[in-house]
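Enquirer:
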Amino acid sequence: MCIRDSYDYVRSRVPGLTAENSLVIGDSTATDIRGANNAGLPCCWYNPRGISRPEDLRINYEIRDLRQLLENRADTDTIVYTSRLFQPMTETFGDRFAFVGPSLPQVPPRKHRGDRPLVYISLGTVMHRRPGFYRACFRALGGRDLDVVLSVGEATDPAALGPAPGNFRVERRVDQLAVLAEADAFLTHCGMNSANEAIFYQVPTILFPQQGEEAAVADRMESLGLGVRLRRETPAAIRQAVETALGEPPRFRENAARVAESFRAAGSAGAAGAAADFFCLLYTSDAADE
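For reference, each letter of the sequence shown is one residue, going 607 to 896 in our numbering.
#1: So who's on the other strand from Y652, going by DSSP bridges?
#2: Please classify I805 as buried or exposed, where buried requires at least 16 other C-beta atoms within 10 Å of its C-beta.
#3: Please classify H734: is it buried, with 16 or more other beta-carbons within 10 angstroms of its beta-carbon, or exposed?
#4: Output the distance between the C-alpha atoms of T731 and S757, rounded to the nearest integer angstrom.
#5: With H, G and I counted as helix, E and B as strand and the rest as coil, what does DSSP make of T684?
#6: May I ask you to report which of helix, strand or coil DSSP gives F774?
#7: S757 lies in the beta strand (DSSP E); which residues open and close that run?
#8: Cα separation between D638 and R655?
#9: Give the DSSP-derived three-state secondary structure of V780 in the structure shown.
#10: From F744 to V834, what distance separates their C-alpha atoms?
#11: Is the number of C-beta pairs between the region 652–666 and the region 621–641 that are closer than 8 Å three or more?
#12: Taking the alpha-carbon positions, what's the P810 to C649 distance?
#13: Would Y687 pass as a contact of P708 if the rule is Cβ separation under 8 Å?
#14: Do you know offhand how far D751's Cα is from Q782's?
#15: Quick one, are the C-beta atoms of D790 and L724 less than 8 Å apart?
#16: So which of G831, P769, R673, L647 has the shortest CA-CA distance to A742?
#17: Please report the straight-line C-alpha distance between P771 and L729, rounded to a whole angstrom.
#18: Helix or strand or just coil, what does DSSP make of T850?
#19: Assign Y613 to buried or exposed, taking buried as 16 or more other Cβ atoms, counted over all protein chains shown, within 10 Å of its Cβ.
#20: Hey, out of L672, Y652, R610, L852, whose CA is closest to L793's CA?
#21: Nearest-angstrom Cα distance between I657 and L675?
#22: On the criterion of 16 or more Cβ atoms from any shown chain inside 10 Å, does E960 qualify as buried, or is it exposed?
#23: Can you round the beta-carbon distance between V754 and P764 to whole angstroms, since I take them to be within the 8 Å contact cut?
#24: Can you have a look at M827 and say buried or exposed, based on whether 16 or more other CB atoms are within 10 angstroms of its CB?
#25: Rounded to whole angstroms, how far is the Cβ of D873 from the Cβ of V706, which I believe are closer than 8 Å?
#26: Per DSSP, which one or two residues make a beta bridge with F792?
#27: May I have the straight-line CA-CA distance separating G749 from Y726, to the nearest angstrom?
#28: Near Y652, what residues of its chain come up, given a Cβ to Cβ distance below 7 Å and the 5 sequence neighbours on each side ignored?
#29: DSSP three-state call for R736: helix, strand or coil?
#30: Ignore the nearest five residues each way along the sequence and tell me which others in T635's own chain have a CB closer than 7 Å to its CB.
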């Protein structure tokens, strides 16, 4: 299937896709880039060896490292959905980066639920097929003087985990904001949404990342004193991490309150709109000066 046929197939299934908002990325000038030219599509040539550019081809972008696809240049206007406080190495980000805070729905008020602490466990919506880990949580926290809400994801049948301890509520999916409004500790995979929501509710966290970018979020949360890292999946390690999170809530909550305030001060959706308007104004002014 040629580039044009592939693009037509994708366009038939993606509403609003046009040549203006598409980009063909390839490492072969003979097939990928030439095919993009023939189809009238913009293209990016992945050229890790730095070979000479063919003169008969139109190449919109050229990169030597695939990471360049994910990086913004310092002179690119960029809206960043976190605060400068939460962003690592913030001193390397110039004025072209507008930190507007996370985009969250209306956050319900925090509730006080009683004497027994509530522990919430969720590994997110992607890397959550971990039945062995969930059973380790049963052994770690079952029968203790606390309540546990365990969200196992759509792909896991709660019944397949075996009998849950009486202090566990096991669900495929829960209303996370509603649970966090009552939670006293959150064992999380450290996805950005979960991290932001835990911070807003000032819930002490047990940091258990499942993949690379989640590990980076966990590192930042740990460095800001927002939680404790879970480095082993044994019942003993899980129990100790939860006890630490529940045993030192003032420290974790105070640090989370500081970060949450930085989110609110950044402004979220309203600030993003203002930043976009400002960037457009800059472009208009630059064009007028030319």
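Note that CB positions come from ideal geometry on N, CA and C, so glycine has one too. Bear in mind that the values here come from a model prediction, so they are computed numbers and not experimental data.
Expert: Straight from the coordinates:
#1: If you number the sequence shown from 1, residue 652 lands on position 46. Partner(s): I669.
#2: Locating residue 805 in the sequence shown gives position 199, counting from the first residue. Counting Cβ neighbours within 10 Å, I805 comes out buried, since at least 16 surround it.
#3: By 1-based counting over the sequence shown, the position of residue 734 is 128. Result: buried.
#4: As a first step, residue 731 is located in the sequence shown; it is residue number 125 there, counting from the start. As a first step, residue 757 is located in the sequence shown; it is residue number 151 there, counting from the start. In this model, T731 and S757 are separated by some 10 Å (Cα to Cα).
#5: Walking along the sequence shown from the start, residue 684 turns up at place 78. Residue state, collapsed to three classes: strand.
#6: As a position in the sequence shown, residue 774 is number 168, starting the count at 1. Three-state DSSP puts F774 in a strand.
#7: Looking up residue 757 in the sequence shown gives position 151. Looking at the DSSP string, the run of the beta strand (DSSP E) that includes S757 is 753–757.
#8: To locate residue 638, count along the sequence shown from 1; it is residue 32. To locate residue 655, count along the sequence shown from 1; it is residue 49. In a straight line, the C-alpha of D638 is about 17 Å away from that of R655.
#9: Working through the sequence shown from its first residue, we reach residue 780 at position 174. In this structure, V780 counts as coil in the three-state DSSP scheme.
#10: Translated into positions along the sequence shown, residue 744 becomes position 138. Translated into positions along the sequence shown, residue 834 becomes position 228. Going by the C-alpha atoms only, they are around 20 Å apart.
#11: Yes, they touch.
#12: Sequence index remark: in the sequence shown, residue 810 carries index 204 (1-based). Sequence index remark: in the sequence shown, residue 649 carries index 43 (1-based). Between P810 and C649, the C-alpha separation is close to 46 Å.
#13: Within the sequence shown, residue 687 is the residue found at index 81, counting from 1. Within the sequence shown, residue 708 is the residue found at index 102, counting from 1. Yes, the Cβ-Cβ distance between Y687 and P708 is below 8 Å.
#14: Position 145 of the sequence shown holds residue 751. Position 176 of the sequence shown holds residue 782. Taking the straight line joining both Cα atoms gives about 22 Å.
#15: Translated into the one-based positions of the sequence shown, residue 790 becomes position 184. Translated into the one-based positions of the sequence shown, residue 724 becomes position 118. Taking 8 Å as the Cβ cut-off, D790 and L724 qualify as a contacting pair.
#16: Stepping through the sequence shown from its first residue, residue 742 is reached at position 136. The candidate whose alpha carbon is nearest that of A742 is P769.
#17: Along the sequence shown, read from residue 1 onward, the residue named residue 771 stands at position 165. Along the sequence shown, read from residue 1 onward, the residue named residue 729 stands at position 123. About 19 Å.
#18: Sequence index remark: in the sequence shown, residue 850 carries index 244 (1-based). Of the three classes helix, strand and coil, the one that applies to T850 here is helix, per DSSP.
#19: For the purposes of this step, residue 613 is taken as residue 7 along the sequence shown, with counting starting at 1. Under this definition Y613 is a buried residue.
#20: If you number the sequence shown from 1, residue 793 lands on position 187. With distances taken between Cα atoms, L793 lies closest to L852.
#21: Along the sequence shown, read from residue 1 onward, the residue named residue 657 stands at position 51. Along the sequence shown, read from residue 1 onward, the residue named residue 675 stands at position 69. Between I657 and L675, the C-alpha separation is close to 19 Å.
#22: A question about residue 960 goes unanswered here, because the residues of the chain that appear run from 607 up to 896.
#23: Here residue 754 is taken as the residue at index 148 of the sequence shown, counted from 1. Here residue 764 is taken as the residue at index 158 of the sequence shown, counted from 1. At roughly 13 Å, the Cβ-Cβ gap does not stay under 8 Å, so V754 and P764 are not in contact.
#24: On the sequence shown, position 221 is the one that residue 827 refers to. Buried is the call here.
#25: As a position in the sequence shown, residue 873 is number 267, starting the count at 1. As a position in the sequence shown, residue 706 is number 100, starting the count at 1. Note on residue identity: the sequence assigns Gly, not Asp, to residue 873. Indeed they touch by this definition, with Cβ atoms about 6 Å apart.
#26: Locating residue 792 in the sequence shown gives position 186, where the first residue counts as 1. According to DSSP, which records beta bridges pairwise, F792 is partnered with Y726, T811.
#27: By 1-based counting over the sequence shown, the position of residue 749 is 143. By 1-based counting over the sequence shown, the position of residue 726 is 120. Cα to Cα, G749 sits roughly 16 Å from Y726.
#28: For the purposes of this step, residue 652 is taken as residue 46 along the sequence shown, with counting starting at 1. For Y652, same chain residues with a beta-carbon under 7 Å away, outside a window of 5 residues either side, are I631, G632, D633, I669, L672 in chain order.
#29: The residue given as residue 736 occupies position 130 in the sequence shown. Note: R736 maps to coil in three-state DSSP.
#30: What you label residue 635 is simply residue 29 of the sequence shown in a count that begins at 1. Non-local beta-carbon contacts of T635 in its own chain, meaning distances under 7 Å to residues more than five positions away in sequence, involve W651, P660, L663 in chain order.
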